[in-house]
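Per the numbering used here, residue 702 is the first one in the sequence shown, and the count goes up by one each step.
This report refers to the structure that appears directly beneath it.
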Amino acid sequence: MPIKLAKDAEERSLASIKRYFEEHMDDEVGDLKAKLLLDFFLEEIGPAVYNRAISDAQAV
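In structure tokens form, the structure reads like this:
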């Protein structure tokens with residue numbers, strides 16, 4: 702099940718990815734590349750983060 706961000710959260714995330722590349726990689730990333738990278742992170746890393754958050758919430 703893919704993780705879907707709210708529109709405002711996606712826009713902030715894309716801006717953050719673009720800023721990171723400019724500040725740390727001395728490279729400008731366009732909208733398409735930033736979106737593809739965000740989609741990759743959500744698909745590949747998102748489930749592990751989500752499962753950890755659920756586990757932490759259940760432990761409280």
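Backbone N, C-alpha and C define an ideal beta-carbon position, used for all residues, glycine too.
Item	Value
Rounded to whole angstroms, how far is the Cβ of residue 735 from the Cβ of residue 719, which I believe are closer than 8 Å?	5 Å
Three-state secondary structure (DSSP) at residue 729?	coil
What are the boundary residues of the alpha helix (DSSP H) that includes residue 748?	747-760
Once the 5 residues before and after residue 729 are set aside, which same chain residues still bring their CB inside 8 Å of it?	719, 722 and 723
Please say whether residue 738 and residue 714 have beta carbons closer to each other than 7 Å?	no
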